[in-house]
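Respectively, the protein sequence lines represent chains A and B. Going by the working numbering, the first sequence opens with residue 14, and the numbers climb by one from there. Going by the working numbering, the second sequence opens with residue 14, and the numbers climb by one from there. Don't be surprised by glycine CBs; every beta carbon is placed ideally from N, CA and C.
Protein chains: 2
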Amino acid sequence: MAENENNALRQRLLDGLERIATVLREDSRRGAAPFGLNVAQDSILRLLRTRPSGLRIRALAGQLGVRQPTITDSVNALERKGLVARHADPSDSRATIVKAAPHALPERARVRSAVAAALEDLSSAECAGLLRTLIKLIRGLQLRNAIPPQRMCVTCKYFRPNVYPDGDAPHYCALVNAPFGDRALRLDCPEHEEAGPAEAAQSWQIFQSRAHLPEARE
Amino acid sequence: MAENENNALRQRLLDGLERIATVLREDSRRGAAPFGLNVAQDSILRLLRTRPSGLRIRALAGQLGVRQPTITDSVNALERKGLVARHADPSDSRATIVKAAPHALPERARVRSAVAAALEDLSSAECAGLLRTLIKLIRGLQLRNAIPPQRMCVTCKYFRPNVYPDGDAPHYCALVNAPFGDRALRLDCPEHEEAGPAEAAQSWQIFQSRAHLPEARE
DNA sequence: CCAGAAACATAGGAGTCCTATTAATGAATC
DNA sequence: GATTCATTAATAGGACTCCTATGTTTCTGG
């Protein structure tokens, strides 16, 4: 009974997420079309923008959840358009490293996603709650090996959760030596270094010890 | 400054949602492949399952965020496989109504989505909060005409929010004459009837009057 | 009745995405 | 060092997605 109700609730959440996903995809299509790109190519390019050192074909496939030959196809298309280049990997001559071409890098004026617009309706507290929930979900996916490691604060060796439990900036980054709050938790930090098991267990506390209320001010 | 920080936060939310979307898509691929379907065909079929009276080509395109000829393509593919049938629309002989074939209807044992598994990590309160936030986002998308009308409680003429503000079942459905709580808010109710402006304004109160804390028990 | 709008289908083209396979290299073992 | 096994990517071939542009039919409002 309660079991059924819970399943129904989770099904609803899944449906809701899927509906948002549909819109994101549509927006991506609309945003990429003016540049002669499609959704897959745009995803690759956006991913490469945050990875100046490039990514292997295989890594791209893992990040985007498709098979390797699919990435080969799309990289070929992008290469033809001069938007990416293949480089040899010095450490492994079987591998290919794909980098965005310099002129593909600048952040283009993107068509505003409808989802971005809808996010404006959310209060500061709702945003922070949503971010926490998304991070928890993504971390759950990572733990289940459904996605490759993400470069999030909560899986980073430099992350110290809830060091100052009572302020607005309860967490601490040991790399940059600075406190910060939930709202600043990152999903794709360039300086990320994967935490070991002990640190990971500690980081997990961010989701357990505190109330569900994030800092909400401004 | 605070403006920048807000944009950064919303960008993170967008990134997080997109990451979930990628996984949903991958799961959909995995789940549909054993049946010889791809993502697009699976989406159409899943949509038709909740619409026994069928949908027009155009409506399918709107729901799935693609152009009409794309749907024609996919419906052709599904028709070849005998999973959907085209019917004439009695009220408009230009239109085609697509219905799922009877044997396509039974809920097939679906490959469990990795996102569904990750959702299990969420507490009851987090689930309820996420559902509320998703509903708010989807409603925002609908108001901005980014998506066609959805059949959610919060846009239904029979919905009465916060009638019993202090119990676990604060809302009321005037169609089935029953109270219910946030956790039972629907995204795709078969009995949905779009509310008029006055009722819509009232429904919106669900997002304003109460604290962010949903009922969390069990 | 007629012009314009609307609903689909068709055509043609680029590209996604898959499985299966091949080629080349790396790593481990004898 | 040679052999074997695993890994990386490219290729081939096929079904299909997704688009724009266009044509056909039907509906709707003067």
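Quiz item: Just how far apart, CA to CA, sit R32(A) and A131(A)?
Solution: Per the coordinates, the alpha-carbon of R32(A) lies some 13 Å from the alpha-carbon of A131(A).
Quiz prompt | Residues in the region 175-200 of chain B having any Cβ partner in chain A nearer than 9 Å | solution = R196, A197, L198, R199 and L200
Quiz item: Which chain B residues are close to R164(A), counting only those with a beta carbon under 8 Å from its beta carbon?
Solution: Within 8 Å Cβ-Cβ: nothing; R164(A) doesn't reach chain B, min ~11 Å.
Quiz item: Using the C-alpha atoms, what's the distance from A34(A) back to D57(B)?
Solution: Checking the displayed sequence, the identity of residue 57(B) turns out to be Ile instead of Asp. Taking the straight line from one Cα to the other gives about 15 Å.
Quiz item: Are the Cβ atoms of A129(B) and L27(A) separated by less than 7 Å?
Solution: Taking 7 Å as the cut-off, the Cβ atoms of A129(B) and L27(A) count as close.
Self-check item: Chain-order list of residues whose beta-carbon lies under 8 Å from that of R23(A) (same chain, five-residue window excluded)
Solution: none
Quiz item: Whose C-alpha, out of H205(B), T63(B) and Q81(B), is nearest the C-alpha of I70(B)?
Solution: Q81(B)
Quiz item: Rounded to a whole number of angstroms, what is the C-alpha to C-alpha distance between R99(A) and T85(A)?
Solution: 11 Å
Exercise. Report the rounded CA-to-CA distance for R230(B) versus G194(B), giving the unit in angstroms.
Key: Confidence at R230(B) is low in this model, with a pLDDT of 40, below 50, so its placement is unreliable and the value that follows should be read with caution. Roughly 12 Å separates the two Cα atoms.
Quiz item: Between the beta-carbon of S106(B) and the beta-carbon of F172(B), is there less than 7 Å?
Solution: no
Self-check item: Interface flag, C140(B) vs chain A, CB-CB below 7 Å
Solution: yes
Quiz item: If you measure from the beta carbon of D55(A) to each beta carbon in chain B, is any gap under 7 Å?
Solution: no
Exercise. Measure from the alpha carbon of P210(A) to the alpha carbon of each residue in H184(A), C169(A) and L144(A), then state which is nearest.
Key: C169(A)
Quiz item: Tell me which same chain residues have a C-beta within less than 8 Å of the C-beta of E18(A), skipping the five on either side of it?
Solution: none
Practice problem: Quick one: which unbroken beta strand (DSSP E) runs of 3-plus residues sit fully inside the region 105-168 of chain B? Chain order, please. | Solution: Segments of the beta strand (DSSP E) lying fully in the region 105-168 of chain B: 109-113.
Quiz item: Helix, strand or coil: how does DSSP classify V189(A) here?
Solution: coil
Practice problem: Mind listing the chain B neighbours of L50(A)? Cutoff is C-beta to C-beta under 8 Å, in chain order. | Solution: None at all; the shortest Cβ gap to chain B is about 16 Å.
Self-check item: Inter-residue spacing [alpha-carbon to alpha-carbon] between A74(A) and V79(B)
Solution: 24 Å
Quiz item: For chain B, is any of its Cβ atoms less than 7 Å away from the one on L91(A)?
Solution: When Cβ-Cβ separations below 7 Å define contact, L91(A) makes no contact with chain B.
Quiz prompt | A224(A) at chain B interface by Cβ criterion, 7 Å | solution = At A224(A) the pLDDT is 47, less than 50, meaning the model places this residue with poor confidence and gives no usable figure here.
Self-check item: Complete alpha helix (DSSP H) runs within the region 49-81 of chain B (minimum length 4 residues, chain order)
Solution: 52-62 and 70-77
Self-check item: Interface residues of chain B facing T35(A) [CB-CB closer than 7 Å]
Solution: Per Cβ cutoff of 7 Å: L77 and G78.
Quiz item: So, using beta-carbon positions, are F220(A) and K149(A) closer together than 7 Å?
Solution: Result yes, Cβ atoms of F220(A) and K149(A) sit closer than 7 Å.
Self-check item: A214(B), enclosing alpha helix (DSSP H) - first and last residue
Solution: P210 to W217
Practice problem: Measure how close the beta-carbons of V232(B) and A114(B) come, nearest whole angstrom, since I'm counting them as under 8 Å. | Solution: Limits of chain B in this structure are 14 at one end and 231 at the other, which puts residue 232(B) out of reach.
Practice problem: Give the C-beta separation of A141(B) and R196(B) to the nearest angstrom, bearing in mind that I take them to be a contact with Cβ-Cβ under 8 Å. | Solution: 5 Å
Practice problem: Kindly list the residues whose CB is nearer than 6 Å to the CB of H205(A), restricted to its own chain and excluding five residues on each side of it in sequence; keep chain order. | Solution: Closer than 6 Å at the Cβ level, and outside the excluded window around H205(A), lie R164 and C169.
Exercise. State the beta-bridge partners of H184(B) as determined by DSSP.
Key: Beta-bridge pairing links H184(B) to F193(B).
Practice problem: Note down, in chain order, each residue of its chain lying with its Cβ closer than 6 Å to the Cβ of C202(A), except the 5 sequence neighbours on either side. | Solution: R164
Quiz item: Going by alpha carbons, who is nearest to Q155(B) out of P65(B), A213(B), G95(B) and L68(B)?
Solution: A213(B)
Quiz item: Rounded to a whole number of angstroms, what is the C-alpha to C-alpha distance between R43(A) and Q76(B)?
Solution: The straight-line gap from Cα to Cα measures roughly 16 Å.
Quiz item: Of all the CB atoms in chain A, is at least one closer than 7 Å to the CB of E31(B)?
Solution: yes
Practice problem: For I148(B), go through chain A and note every residue whose CB falls closer than 8 Å to its CB, in chain order. | Solution: Here the neighbours are G29.
Exercise. Have a look at the DSSP bridge pairing and note the partners of R173(A).
Key: Y185(A)
Quiz item: Under a CB-based cut-off of 7 Å, is E204(A) close to chain B?
Solution: no
Quiz item: Is there a Cβ from chain B that is less than 7 Å from the Cβ of L132(A)?
Solution: yes
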